[in-house]
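K.L.:
Below is the structure I would like to discuss, written out as structure tokens.
Protein chains in written order, with the working numbering: chain L, 1 to 410; chain A, 411 to 486.
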């Protein structure tokens with residue numbers, strides 16, 4: 001028999017707050033976390049803006065050795081995981097660590113380390129490449145280092161589905177608990193890849209916004225959108241068997257009731273024009289929880305601010321929900337924090353849960369010009385009070401990955 | 411002096427304080443080193459002195475002094 005799965009802990013490090021409380025307060029206010037890139041000289045870069053995590057001091061949370069040995073994407077991920085673990089009260093009790101799992105997603109792993117070591121190689125030859133290149137850059141090291149941090153010896157996996165990775169990680173954790181492979185799973189995503197190599201790669205792929213007005217760069221569903229803004233950060237959820245959570249009197253934020261994932265099998269980077277794969281993912285996530293379409297009362301969109309994504313996602317939502325699509329508030333967190341790549345889905349799932357808890361949906365900021373193809377309720381600019389029964393979070397990734405998860409108010 | 415150089419490298423690699431690293435310090439029991447630390451220390455020494463410390467030798471290093479004496483031997 002499938003078990004019920006609930007959310008009992010949350011953690012976040014984002015461009016608008018380095019913990020859940022700060023992040024959510026700023027999200028409700030519609031704070032823009034986008035600014036001029038500070039991590040490298042942008043003189044020669046067409047793209048000037050990104051959404052960087054600010055004032056993050058890893059030494060405040062991690063040992064000296066962890067700081068030296070871990071790439072920024074791991075440092076940020078561990079800090080978010082610590083917050084989630086403590087929020088769930090797991091640091092205060094004895095749990096069976098063989099039943100504690102970790103499933104984390106990311107897009108490009110320790111690309112900062114790879115970039116630096118490539119420069120060392122070119123400059124000084126092979127002997128100048130650090131022995132830490134491999135352990136710092138492997139994408140699964142995020143899962144491994146979080147497992148070490150908490151002594152988690154149960155199921156262990158690393159999800160690499162580009163921008164859908166955080167959502168897939170949550171979905172896989174949900175399934176693992178449903179089918180009794182674990183009782184508690186630390187899951188989510190982390191990404192930190194704002195460097196010249198990645199900015200150049202995305203720029204030349206025509207994926208990024210070139211705008212220098214930070215309020216008009218990441219403008220999901222707006223007719224003048226032209227690309228996404230690269231962001232960095234982490235989101236971590238503690239998923240737990242419902243009975244396990246009840247037995248230890250844990251605070252329960254919400255229940256996970258659905259997970260759907262498909263592939264477009266169409267193009268390396270472009271979504272299918274009809275949003276067909278996205279539609280099926282949403283439908284699977286809804287059917288998976290045996291709920292009615294009209295039970296979904298909030299959608300946190302993938303909403304990247306690219307021409308194609310926002311049009312195709314809108315089309316897919318309409319194809320799933322019909323006329324009811326016009327009654328669902330849909331917001332894009334990326335309007336405030338840019339695109340966190342493999343961490344985006346995890347932070348946006350966290351937004352769904354906070355929205356359910358707070359009965360408040362944040363706005364899609366910077367919105368000005370209506371697009372005929374994007375005519376749903378994107379909660380433009382201002383958030384609003386809104387009771388939510390079920391919330392759905394969408395994530396789509398290069399490679400054609402489409403992933404949706406559904407959370408229910410308890 | 412080789413010891414000063416080894417000490418400096420160990421401090422940089424492992425994030426230790428100056429007074430923690432002594433000639434007699436045990437790499438694993440006292441300084442809490444592991445294989446990743448040793449790989450970094452050895453590579454830094456290879457580059458500093460233009461030497462090549464062999465893999466079969468690396469596992470024999472137990473103390474800071476073991477490293478210092480071995481490097482001194484190569485430099486003689």
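Every residue gets a Cβ at the ideal spot worked out from N, C-alpha and C, and that includes glycine.
What ranges does the alpha helix (DSSP H) occupy inside the segment 231-316 of chain L, keeping only unbroken runs of at least 4 residues that lie completely in it?
P.N.:
Listed in chain order, they are 242-247, 276-288.
K.L.:
Measure how close the beta-carbons of residue 164 of chain L and residue 186 of chain L come, nearest whole angstrom, since I'm counting them as under 8 Å.
P.N.:
Counting from one through the first chain, the residue named residue 164 of chain L turns up at place 164. Counting from one through the first chain, the residue named residue 186 of chain L turns up at place 186. Not really, about 19 Å apart at Cβ, beyond 8 Å.
K.L.:
Could you give the first and the last residue of the continuous beta strand (DSSP E) run that contains residue 367 of chain L?
P.N.:
Taking the first residue of the first chain as position 1, residue 367 of chain L is located at position 367. Looking at the DSSP string, residue 367 of chain L is not in any beta strand (DSSP E), and its letter there is neither H nor E.
K.L.:
So residue 343 of chain L and residue 233 of chain L are supposed to be a Cβ contact under 8 Å. How far apart are they, rounded?
P.N.:
Position 343 of the first chain holds residue 343 of chain L. Position 233 of the first chain holds residue 233 of chain L. Yes, they are in contact, since the Cβ atoms of residue 343 of chain L and residue 233 of chain L sit about 5 Å apart, within 8 Å.
K.L.:
Using CA coordinates, which residue listed in L:17, L:130, L:136, L:82 is at the minimum distance from residue 72 of chain L?
P.N.:
Along the first chain, read from residue 1 onward, the residue named residue 72 of chain L stands at position 72. Among L:17, L:130, L:136, L:82, the Cα nearest to that of residue 72 of chain L is on L:136.
K.L.:
At the level of alpha carbons, what is the spacing between residue 229 of chain L and residue 212 of chain L?
P.N.:
Looking up residue 229 of chain L in the first chain gives position 229. Looking up residue 212 of chain L in the first chain gives position 212. Residue 229 of chain L and residue 212 of chain L: Cα-Cα distance of roughly 11 Å.
K.L.:
Does the beta carbon of residue 465 of chain A sit closer than 8 Å to a beta carbon anywhere in chain L?
P.N.:
Along the second chain, one-based indexing puts residue 465 of chain A at 55. Judged by the 8 Å Cβ criterion, residue 465 of chain A is not in contact with chain L.
K.L.:
Does the pairing of the segment 418-426 of chain A with the segment 179-193 of chain L give three or more beta-carbon distances under 8 Å?
P.N.:
Counting Cβ pairs under 8 Å, fewer than three are found: no touch.
K.L.:
Go through its chain and collect everything with a Cβ distance to residue 226 of chain L's Cβ below 6 Å, but skip five positions before and after it.
P.N.:
In the first chain, the residue the question calls residue 226 of chain L occupies position 226. Excluding residues within five positions, the ones whose Cβ falls inside 6 Å are 209.
K.L.:
Return the residue from the list L:360, L:200, L:323, L:197 that minimises the CA-CA distance to residue 331 of chain L.
P.N.:
Residue mapping note: residue 331 of chain L aligns to position 331 of the first chain, counting from 1. Of the candidates L:360, L:200, L:323, L:197, the one whose C-alpha sits nearest the C-alpha of residue 331 of chain L is L:360.
K.L.:
Which chain L residues sit within Cβ distance under 8 Å of residue 453 of chain A?
P.N.:
For the purposes of this step, residue 453 of chain A is identified with residue 43 of the second chain, where counting begins at 1. Those within 8 Å of residue 453 of chain A in chain L are 127, 130, 131.
K.L.:
Residue 263 of chain L to residue 447 of chain A, Cα distance in whole Å?
P.N.:
For this step, residue 263 of chain L is matched to residue 263 along the first chain. For this step, residue 447 of chain A is matched to residue 37 along the second chain. Taking the straight line joining both Cα atoms gives about 42 Å.
K.L.:
I'd like the list of long-range same chain contacts for residue 452 of chain A, defined as Cβ closer than 7 Å, with 5 residues on each side in sequence excluded.
P.N.:
Here residue 452 of chain A refers to the residue found at position 42 when the second chain is read from its first residue. Correct list, in chain order: 463, 468.
K.L.:
Answer with buried or exposed for residue 222 of chain L, where buried requires no fewer than 16 other C-beta atoms within 10 angstroms of its C-beta.
P.N.:
If you number the first chain from 1, residue 222 of chain L lands on position 222. Under this definition residue 222 of chain L is a buried residue.
K.L.:
In whole angstroms, what is the alpha-carbon distance linking residue 305 of chain L and residue 353 of chain L?
P.N.:
By 1-based counting over the first chain, the position of residue 305 of chain L is 305. By 1-based counting over the first chain, the position of residue 353 of chain L is 353. If I take the Cα positions, the gap works out to 23 Å.
K.L.:
Leaving aside the five residues before and after residue 192 of chain L along the sequence, list all residues of the same chain whose C-beta is less than 6 Å from its C-beta, in chain order.
P.N.:
Position 192 of the first chain, counted from the first residue, corresponds to residue 192 of chain L. Once the five neighbours on either side are set aside, the close Cβ partners of residue 192 of chain L are 72, 73, 76, 232.
K.L.:
Output, in chain order, the set of chain L residues within a Cβ distance shorter than 7 Å of residue 449 of chain A.
P.N.:
Translated into positions along the second chain, residue 449 of chain A becomes position 39. Neighbours of residue 449 of chain A on chain L, chain order: 131.
K.L.:
Starting from the beta carbon of residue 446 of chain A, find every residue of chain L whose beta carbon is closer than 8 Å, and list them in chain order.
P.N.:
As a position in the second chain, residue 446 of chain A is number 36, starting the count at 1. 69, 131, 132, 135, listed in chain order.
K.L.:
What residue does the beta strand (DSSP E) around residue 169 of chain L start on, and which one ends it?
P.N.:
Working through the first chain from its first residue, we reach residue 169 of chain L at position 169. Taken as a continuous stretch (DSSP letters only), residue 169 of chain L belongs to no beta strand (DSSP E), being part of the alpha helix (DSSP H) at 165-178.
K.L.:
Find out if the Cβ-Cβ distance for the pair residue 286 of chain L, residue 299 of chain L is shorter than 8 Å.
P.N.:
Locating residue 286 of chain L in the first chain gives position 286, where the first residue counts as 1. Locating residue 299 of chain L in the first chain gives position 299, where the first residue counts as 1. For residue 286 of chain L and residue 299 of chain L, no; Cβs fall outside 8 Å.
K.L.:
Using a Cβ-Cβ cut-off of 7 Å (strictly less than) and excluding sequence neighbours within five positions of residue 383 of chain L, which residues of its own chain qualify?
P.N.:
The residue given as residue 383 of chain L occupies position 383 in the first chain. Counting only Cβ-Cβ distances below 7 Å, and skipping sequence neighbours, we find 28, 30, 360, 361, 362, 363.
K.L.:
Beta-carbon of residue 64 of chain L versus every beta-carbon of chain A: anything under 8 Å?
P.N.:
Here residue 64 of chain L corresponds to residue number 64 of the first chain, with the count starting at 1. Yes - at least one Cβ of chain A is within 8 Å of the one on residue 64 of chain L.
K.L.:
Do residue 5 of chain L and residue 357 of chain L have their C-beta atoms closer together than 8 Å?
P.N.:
Taking the first residue of the first chain as 1, we reach residue 5 of chain L at position 5. Taking the first residue of the first chain as 1, we reach residue 357 of chain L at position 357. Not closer than 8 Å, so no.
K.L.:
In chain order, what residues of the same chain have a beta carbon less than 6 Å from the beta carbon of residue 480 of chain A, not counting five sequence neighbours either side?
P.N.:
Locating residue 480 of chain A in the second chain gives position 70, counting from the first residue. Excluding residues within five positions, none has a Cβ falling inside 6 Å.
K.L.:
Please name the residue, chosen from L:288, L:51, L:34, L:60, that lies closest to residue 79 of chain L on a Cα-to-Cα basis.
P.N.:
Here residue 79 of chain L refers to the residue found at position 79 when the first chain is read from its first residue. Residue L:60 is the option with its Cα nearest to residue 79 of chain L.
K.L.:
Any idea if residue 407 of chain L is buried or exposed, counting beta-carbon neighbours within 10 angstroms, 16 or more meaning buried?
P.N.:
Here residue 407 of chain L corresponds to residue number 407 of the first chain, with the count starting at 1. Burial call: buried.
K.L.:
Along the alpha helix (DSSP H) that carries residue 78 of chain L, what are the first and last residues, could you check?
P.N.:
Taking the first residue of the first chain as position 1, residue 78 of chain L is located at position 78. First-last of the alpha helix (DSSP H) with residue 78 of chain L: 72-87.
K.L.:
Helix, strand or coil: which one does DSSP assign to residue 356 of chain L?
P.N.:
Taking the first chain and counting its residues from 1, the one referred to as residue 356 of chain L is at position 356. Residue 356 of chain L falls in the helix class under three-state DSSP.
K.L.:
On the CB-based measure, 16 or more other CB atoms within 10 Å of its CB, does residue 239 of chain L come out buried or exposed?
P.N.:
Within the first chain, residue 239 of chain L is the residue found at index 239, counting from 1. So residue 239 of chain L counts as buried.
K.L.:
Going by beta carbon distance, what residues of the same chain come within less than 6 Å of residue 367 of chain L, once the five residues before and after it are set aside?
P.N.:
As a working mapping, residue 367 of chain L is identified with position 367 in the first chain. The residues are 222, 380, 381.
K.L.:
Are residue 336 of chain L and residue 37 of chain L closer than 8 Å when you measure CB to CB?
P.N.:
Residue mapping note: residue 336 of chain L aligns to position 336 of the first chain, counting from 1. Residue mapping note: residue 37 of chain L aligns to position 37 of the first chain, counting from 1. No, Cβ-Cβ distance for residue 336 of chain L and residue 37 of chain L is not below 8 Å.
K.L.:
Does DSSP put residue 23 of chain L in a helix, in a strand, or in coil?
P.N.:
One-based indexing of the first chain puts residue 23 of chain L at position 23. Reduced to three states, the DSSP call for residue 23 of chain L is helix.
K.L.:
Residue 456 of chain A touches chain L at which residues, Cβ-Cβ below 7 Å?
P.N.:
Residue mapping note: residue 456 of chain A aligns to position 46 of the second chain, counting from 1. Within 7 Å Cβ-Cβ: 127.
K.L.:
Sorted by chain position, which residues of the same chain lie with C-beta nearer than 7 Å to residue 295 of chain L's C-beta, five sequence neighbours on each side aside?
P.N.:
As a working note, residue 295 of chain L is residue 295 in the first chain. 389, 390, listed in sequence order.
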